[in-house]
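K.L.:
Here the sequence shown is numbered in our numbering, starting from 4 and rising by one per residue.
To start, I am sharing the structure in question, which I have written as structure tokens.
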Amino acid sequence: MKIQVFDSSHDVAEALADRVACAIRQQPALVLGLPTGRTPIRTYERLRRMHADLQFDATRLTTFNLDEFAGIDRSHPGSFRAFMEAQLFAPLRLRPDQIHFLDGMAADADAECARYEAAIEAAGGIDLQIVGIGANGHIGFNEPADTLQARTHRVTLADSTRRDNAGLFGGDAAQVPREALSMGMGTILKARALALIATGERKAPCIEQAMRGPVTTRLPASFLQLHPNVELYLDRAAASRL
Ligand code: PGA
4 MKIQVFDSSH
14 DVAEALADRV
24 ACAIRQQPAL
34 VLGLPTGRTP
44 IRTYERLRRM
54 HADLQFDATR
64 LTTFNLDEFA
74 GIDRSHPGSF
84 RAFMEAQLFA
94 PLRLRPDQIH
104 FLDGMAADAD
114 AECARYEAAI
124 EAAGGIDLQI
134 VGIGANGHIG
144 FNEPADTLQA
154 RTHRVTLADS
164 TRRDNAGLFG
174 GDAAQVPREA
184 LSMGMGTILK
194 ARALALIATG
204 ERKAPCIEQA
214 MRGPVTTRLP
224 ASFLQLHPNV
234 ELYLDRAAAS
244 RL
């Protein structure tokens with residue numbers, strides 16, 4: 004595990020954006036796994052600037068996002084798809100065929116999850132998967148539980164996760180869907196490289212437990228200890244308990 008600690012969340016974003024741009028320059032047809040959430044916003048901002056400055060070419064990139072809410076359409080402003088369109092897909096001018104996303108409106112969730120797994124396989128697997136971490140230790144929408152599902156599946160969101168996502172729904176947690184579709188921990192761990200980004204003191208306890216504690220389904224992020232190629236991008240606050 005390569006732990007990198009930076010002075011500020013700004014420096015974290017710069018380092019991770021540089022890492023991604025470098026990976027795309029080395030491998031233009033990179034298969035990149037992407038997270039949503041507040042933490043990657045600055046990284047996406049820097050990637051937009053770097054792309055505008057012609058520091059990398061995104062025309063051969065393929066993306067897969069970790070998760071999506073169930074029961075809302077991609078055009079809903081609270082959807083992760085809408086978030087990604089605004090943050091990255093439109094500014095980088097990605098074509099629809101470059102973008103892979105779970106469809107939260109799919110009538111048959113199991114079939115949709117199977118389709119997503121097959122699409123990842125068909126793309127040759129994910130080269131670099133960026134992940135955030137929930138304050139409860141979730142990765143993607145793999146919430147703390149007695150058991151975890153390995154592959155892409157439908158999940159019930161924890162109340163704390165719905166509160167954390169209220170910002171996308173006008174600040175009202177009651178409006179946040181109760182369910183979502185998410186890559187499973189096994190799907191995530193199959194990526195050839197993982198980059199975890201976490202900033203702020205609120206993430207310090209789960210970062211410490213996830214990296215130093217036992218591997219447990221009660222803290223899905225602890226499964227990252229099983230992966231041979233994980234990079235952590237932390238600010239001082241998130242790393243304060245390590
Ligand atoms: P956050 O979400 O970046 O908004 O803290 C992270 C996550 O839940 O994965």
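Here a beta-carbon is modelled for each residue, glycine too, at the ideal position from N, C-alpha and C.
Hey, how far is the Cα of residue 199 from the Cα of residue 163?
P.N.:
Going by the C-alpha atoms only, they are around 20 Å apart.
K.L.:
Residue 231: buried (16+ other C-beta within 10 angstroms of its C-beta) or exposed?
P.N.:
Residue 231 should be labelled exposed.
K.L.:
The beta strand (DSSP E) with residue 233 in it runs from where to where?
P.N.:
Taken as a continuous stretch (DSSP letters only), the beta strand (DSSP E) holding residue 233 covers 233-238.
K.L.:
Excluding the five sequence neighbours on either side, which residues of its own chain have a C-beta within less than 7 Å of the C-beta of residue 28, listed in chain order?
P.N.:
So the list reads 59, once near-sequence residues are dropped.
K.L.:
What three-state label does DSSP hand residue 30 in the structure shown?
P.N.:
Looking at residue 30 - three-state DSSP - the assignment turns out to be coil, as it is neither helix nor strand.
K.L.:
So if DSSP puts residue 70 in a beta bridge, which residue, or which two residues, is it bridged to?
P.N.:
Answer is 185.
K.L.:
Buried or exposed: which applies to residue 61, given that a residue is buried once 16 or more other Cβ atoms fall within 10 Å of its Cβ?
P.N.:
Classification of residue 61: buried, given that the 10 Å Cβ count is 16 or more.
K.L.:
Count the C-beta pairs between the segment 106-119 and the segment 11-27 that are closer than 8 Å, then say yes if the count reaches three, no if not.
P.N.:
In short, these stretches do not touch, since the Cβ pair count stays below three.
K.L.:
Taking C-alpha atoms, which residue in 224, 45, 159, 42 lies nearest to residue 189?
P.N.:
Minimum Cα distance to residue 189 is reached at 224.
K.L.:
What does DSSP give as the partner residue(s) for residue 201 in the beta ladder?
P.N.:
Partner(s): 237.
K.L.:
Can you name, in chain order, every residue of its own chain whose Cβ lies under 7 Å from the Cβ of residue 166, other than the five neighbours on each side?
P.N.:
Excluding residues within five positions, the ones whose Cβ falls inside 7 Å are 176.
K.L.:
Going by beta-carbon coordinates alone, are residue 241 and residue 207 separated by less than 8 Å?
P.N.:
Yes.
K.L.:
Taking the continuous alpha helix (DSSP H) assigned at residue 164, which residues delimit it?
P.N.:
162-167 is the span of the alpha helix (DSSP H), which, as asked, contains residue 164.
K.L.:
Between residue 72 and residue 42, what straight-line distance do the alpha-carbon atoms span, to the nearest angstrom?
P.N.:
So the two alpha carbons sit approximately 18 Å from each other.
K.L.:
Taking any heavy atom of the ligand PGA as the mark, which residues have a C-beta closer than 5 Å to it, listed down the chain?
P.N.:
My final list is 40, 41, 42, 135, 137.
K.L.:
Using a Cβ distance threshold of 8 Å, determine whether the segment 69-85 contacts the segment 98-108, with at least three qualifying pairs required.
P.N.:
Touching, yes.
K.L.:
Decide if residue 183 is buried, meaning its Cβ has at least 16 other Cβ atoms within 10 Å, or exposed.
P.N.:
Classification for residue 183: buried.
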